[in-house]
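The sequence shown begins at 504 in my numbering and counts up by one.
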Amino acid sequence: MNDEISGWVRSRFLHFSDLIQHGVVPDGHPALAQIILWLTPSDYPHPFLMRFPFFLAGMAGIPIFYKSINERYGSTQAL
């Protein structure tokens, strides 16, 4: 549950190049997730503020998933 917090702690670099070189390359998390956490305010943020971008990305993925399944299989019901 606190994966965002541990990723946030590992992404505290002053420069973006340092984040890529020392944070993204040796870590197993996706680069976009590391960048989102790097953009989180540097003071200890509220857990809601750290999880909210990932919540929005998950909600945006639902219609995309539905549309891709609908295009692949169609919208007719099975009998």
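Beta carbons are placed, not taken as given, at the ideal position from N, Cα and C, and that holds for glycine.
If you look at residue 535, you'll find it in the alpha helix (DSSP H) that goes 534–542.
With distances taken between CA atoms, residue 558 lies nearest to 536 out of 520, 536, 573. Runs of the alpha helix (DSSP H) lying entirely within the segment 547–576, each at least 4 residues long, are 550–576 in chain order. Short of 7 Å from the beta carbon of residue 527, and not among the five residues preceding or following it, lie these beta carbons of its own chain, in chain order: 534, 537. Around the beta carbon of residue 507, 16 or more other beta carbons lie within 10 angstroms, which makes this residue buried.
Within its own chain, the residues whose Cβ lies closer than 7 Å to the Cβ of residue 539, once the five positions on either side in sequence are excluded, are 556, listed in chain order.
Residue 564 and residue 542 have their C-alpha atoms roughly 21 Å apart.
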